[in-house]
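The numbering of the sequence shown is the working numbering, which starts it at 460 and goes up by one.
Here a beta-carbon is modelled for each residue, glycine too, at the ideal position from N, C-alpha and C.
Since we're looking at a predicted model, the values are computed, not measured.
First up is the structure itself, then whatever we jot down about it.
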Amino acid sequence: EHCAQQGLQLTHGFLLKVAQLYDLVRARHGLMLVGFSYGGKTSSYHTLASALTTMKAKGQLGGANVTYSVICPKCFTLGELYGAFEPITHEWADGVLAVAFRGYAR
């Protein structure tokens with residue numbers, strides 16, 4: 460359904476990539492998609508998220524409400540990404556990842 464709505468061609472190769480992504484999500488707590496521009500990374504995870512959410516709405520086994528975040532690590536310093544101790548105030552400042560993880564835990 461998602462592929463038709465987004466105008467994507469439902470090829471064997473694309474379905475294989477979505478299935479592989481699903482297997483990774485089931486086996487790992489997090490993952491990183493890397494590859495060439497226009498290689499299907501965004502379409503793959505959007506399709507998987509949409510399919511799982513639709514399955515959940517229909518009450519099908521294996522469905523889930525999917526939430527995801529896209530974080531570009533090159534946009535942040537290590538302290539901004541992971542968090543850092545502020546030597547002047549002696550306080551810990553959470554990074555982008557800590558804030559995202561905490562939000563998902565709620």
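| Check | Outcome |
| --- | --- |
| Work out the CA separation of A559 and T548 for me, nearest whole Å. | 23 Å |
| Thinking F473 and G499 are a contact (beta carbons under 8 Å), I'd like their distance in whole angstroms, please. | 6 Å |
| Quick one: what's got a C-beta closer than 6 Å to V525's C-beta in the same chain, skipping five residues either side? | A508, L511 and T512 |
| The alpha helix (DSSP H) spanning L518 covers which residue range? | Position check: residue 518 holds Gly in this sequence, whereas Leu was assumed. Premise fails: G518 is in no alpha helix (DSSP H) and is neither H nor E. |
| Counting only runs that start and end within the region 500-554, where is the beta strand (DSSP E) found for 3 or more residues in a row? | 542-545 and 550-553 |
| Note down, in chain order, each residue of its chain lying with its Cβ closer than 7 Å to the Cβ of G542, except the 5 sequence neighbours on either side. | W551, A552, D553, G554 and A557 |
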